[in-house]
Structures are given as C-alpha cells and as structure tokens.
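Undergrad:
Numbering (our numbering), first residue to last: 16 to 183.
1. Are the beta-carbon atoms of residue 144 and residue 19 separated by less than 8 angstroms?
2. I'd like to know whether the C-beta atoms of residue 99 and residue 129 end up nearer to each other than 8 angstroms.
3. What residues in its chain sit with their C-beta under 8 angstroms from that of residue 21, if we drop five residues either side in the sequence?
4. Comparing the C-beta of residue 26 with each C-beta of chain C, is any distance below 8 angstroms?
5. Just the Cα atoms here: how many angstroms apart are residue 108 and residue 139?
6. Considering only the beta carbon of each residue, do residue 170 and residue 158 sit closer than 8 angstroms?
7. Identify which residue in 44, 120, 28 and 134 has its Cα closest to the Cα of residue 160.
8. Rounding to the nearest angstrom, what Cα-Cα distance links residue 164 and residue 102 in this structure?
9. Count the other CB atoms within 10 Å of the CB of residue 60; is the residue buried (16 or more) or exposed (fewer)?
10. Name, in chain order, the residues that DSSP records as bridge partners for residue 157.
11. Where residue 37 and residue 49 are concerned, what is the direct C-alpha to C-alpha distance, given to the nearest angstrom?
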C-alpha cells in the first residue's frame, strides 16, 4: 500500500508557503487548504487546491529504489497539480521591512514570493513520511486582476509536482 504522499505534499506546500511568506511580512498572510467558508475567510488569503493527480511514468517492471537507500519495491513517478489562489480585499495591506504593499503591488509581491517559496521548499522539513520530489514547476500565473463587484484583487498559479510513488 502506498504511503499518504498526496496529503504530505499538500501540507508541505501550505506550511512551506506560510512559513516563507509570513517570515517576510509584518502581520499575517492566511493560508488555507481549501476554500474557507465565507465567515472564516481572512485577507490576504492564499488557498492551496489540488486539481489533479495520476501516474506520470511507469518504470520498467515497476521496480524502484527509494532515495539513497537500498530499499527497493514497486512504484512509479506520480504527478500532482495544484492551484494556488491569492485573494485580497482592495483595502488589504501588508508590510515588508519598511515598505507597505497594497492592491496590485501587493499581489505582484505575493505572486513572486509564492513561486519562490514553492521552488525553495525543503521537503525534509515538512515530510511525515519518506518523500522524494523529482520535479516542481510553476506552469503559469493566470486570472490576475481586480474583481470590481467584490473589490478583490486576485491571481491563480498552477504548479505541477512529480514524486516517486513508492509502494514497497
């Protein structure tokens, strides 16, 4: 039976983004693992949403070696895709050092720093199980802009990660 890699990765993404971003700003950036109920939504919000997963590549005979160990077993490269949404009210602001960011400038800062956070995650810090991430890629930022009727700024990134699904 495969380990709970998808949940480990999702929690690591949430914690890695939160730790990196909240370590840079004065105040709180709220990271959610799903769209929160309206009464629970706080701004600026980052929402991590899994949108797809599945086998990416089968190994010959499905025999794999895990990491640097001599542990071998069955497995494959598994892919998982996430959307990471940023939502901020028009009046939301955050401070980085002595600079106050709000509106589109804040959105741009968050976009770049979320991408950096995902690229820089040290998976060994957050893993609860053995985990071997083979690749992570920012596919694109999209839906960047302002919703006039809600007075919200927002953007959505799509990330793809590949990991070794080791089934023992």
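Glycine included, every Cβ here is placed at the ideal spot set by N, Cα and C.
Quick caveat, the model's predicted, so the values are computed rather than measured.
TA: Taking the definition as stated:
1. yes
2. yes
3. 65, 68 and 95
4. Judged by its chain identifiers, the structure shown contains no chain C, having just a single protein chain.
5. Spanning the two alpha carbons is a distance of roughly 32 angstroms.
6. A contact, by the Cβ cut-off of 8 angstroms.
7. 120
8. Taken atom to atom, the span from the alpha-carbon of residue 164 to that of residue 102 is near 14 angstroms.
9. Burial is judged here by how many other beta carbons sit within 10 angstroms of a residue's own beta carbon; residue 60 has at least 16 and is buried.
10. 171
11. 19 angstroms
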